[in-house]
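Residue numbers for the sequence shown follow this note's numbering, so the first one is 56 and each next one is one higher. What follows is a short report on a single structure.
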Amino acid sequence: MRKLIVNADDFGFTRDVNAGIIQAHREGILTATTLMANGDAYEDAVRLALENRSLDVGCHLVLVQGNSLVTGRPLPEKPGQLLMALSRREIDVEGELRAQIRKIMASGVRPTHLDSHKHTHIVPTVFRTVVRLAHEFGIPHVRLPLDATVPCSGPVCHLLGRFYRRSTTRFGVRTTDYFVGFRLTGTLTEATLAPALASLREGTTEFMCHPGYLGGELRGAATRLKESRVRELEALTSPRIRQIIEEQGITLAGYR
C-alpha cells in the first residue's frame, strides 16, 4: 500500500499563505501543515487550525528568518549564517525550539509532527535536538531530512541516513518511510506533481509543499516563493491530480 501525507510548510507566514493552505485542505489533497510560532500571521493560523480540526498541524521550527522568541533579536537570515552562528555557539537551539513548541501548544493546538523552516534540521546537531524535544513533548513524528528523489550516495549520505534513523529510534519518535518534495520547491505544478505521484514507493511518504494566495502580504514578504505558491495551490486542488491518486491506488493520510 502507498500512503501519502501532503504537508504544507509556512502556516502562519502571512494571511494569504494561511488562506491558501486551508483552501488546499478543504478542496484539494492537503492533509497536514506546520505552524511557525514566530510567523507574522501566527494568530490567524491558530484560529484557522482550531476551525479545521481535520487538518493535522505540526510545528515548523524556525532557526532562520524572523525574530527569536527567547531573545527577541533577529535570527540568522540564511542557513549558511546559521551554521556560522552554531559553530560559534551564538544560538541556544534547544531553548529557542522549546519556546516555539510551548507557544504553539499553549494556543490549544496539539502538534502531530515537527519539521523545520529552510530544512535546518538536516544539520545533525539540530536534528538530534528536534528529536529529543519531540520525545519530551510527546510529539510522535519528525520529518526525515533527506529527500528520497535527490541523488545522494557515498559514505556521507549513508552515515547521515543511519544517524537520522538511529536518533528517532533512540527517542521513540517515528518518521514516514520516505520524504519528498524538497527538490520540487518553487517548481511544483500539476505537470510536475503528476509524475511524482506515479513514482511513489510502497509505504508512507510525506510530500512537502508551499501553497498560498499571492496577496499584498506575500508580495511584501522576504521570500522567493511567491507566484510559485499559487501554482502549487492550483496543483493541489486539481481534479486531474485527485483522479491520478485514485487511479494509482494511493491513500491520502495524516499524521494522526
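Note that beta-carbon positions come from the ideal geometry of N, C-alpha and C, so glycine has one too. In this text, all values refer to a predicted model and were calculated from it rather than measured experimentally.
Residue 100 is positioned such that its CB atom lies closer than 8 Å to that of residue 90. Residue environment for residue 213: exposed (fewer than 16 other C-beta atoms within 10 angstroms of its C-beta). Here the segment 128-135 does not lie against the segment 189-196, with fewer than 3 beta-carbon pairs under 8 Å apart. Taking a contact to require three or more Cβ pairs closer than 8 Å, the segment 299-311 and the segment 68-82 do not qualify as touching. Within the segment 63-140, complete beta strand (DSSP E) segments of at least 3 residues are found at 87-90 and 111-116, given in chain order.
For the options 115, 95, 281 and 233, the alpha carbon positioned closest to that of residue 168 is the one of 115. For the 8 Å CB-CB criterion, residue 176 and residue 182 form a contact. Non-local C-beta neighbours of residue 271 in its own chain, meaning closer than 8 Å and more than five positions away in sequence, comprise 71, ordered along the chain.
Relative to residue 204, the option among 161, 235 and 189 whose CA is nearest is 235.
With contacts defined as CB atoms closer than 8 Å, residue 248 and residue 265 fail to qualify as a contacting pair. Approximately 5 Å separates the beta-carbon atoms of residue 184 and residue 148; this is inside 8 Å, confirming the contact. Taking C-beta separations shorter than 8 Å and ignoring five residues to either side along the sequence, the partners of residue 284 in its chain run 72, 75, 265, 266, 267, 268, 269 and 273, following chain order. The residue among 108, 118, 166 and 110 with its C-alpha nearest the C-alpha of residue 180 is 118.
The continuous beta strand (DSSP E) containing residue 261 extends over residues 258-264.
Closest in alpha carbon position to residue 291, among 276, 307 and 278, is 307.
When C-alpha distances from residue 97 are compared across 151, 158 and 287, the shortest belongs to 158.
Here residue 122 is exposed: its Cβ has fewer than 16 other Cβ atoms, across all protein chains shown, within 10 Å.
Counting other Cβ atoms within 10 Å of its Cβ, residue 139 stays below 16 and is therefore classed as exposed.
With fewer than 16 other Cβ atoms from the protein chains shown falling within 10 Å of its own Cβ, residue 275 counts as exposed. Per DSSP, the continuous alpha helix (DSSP H) segment holding residue 213 begins and ends at 210-225. Taking the C-beta atoms as reference points, residue 63 is found no nearer than 8 Å to residue 155. Collapsing the DSSP output to three states places residue 169 in a strand. Beta bridge pairing from DSSP links residue 196 with 168 and 229.
Beyond the five residues adjoining it in sequence on each side, residue 209 comes within less than 8 Å, by CB distance, of no other residue in the same chain. DSSP, read as helix, strand or coil, puts residue 175 in helix.
Linking residue 257 to residue 58 through their CA atoms gives a straight-line distance of about 8 Å.
Take the alpha-carbon of residue 94 and the one of residue 60: they are about 23 Å apart.
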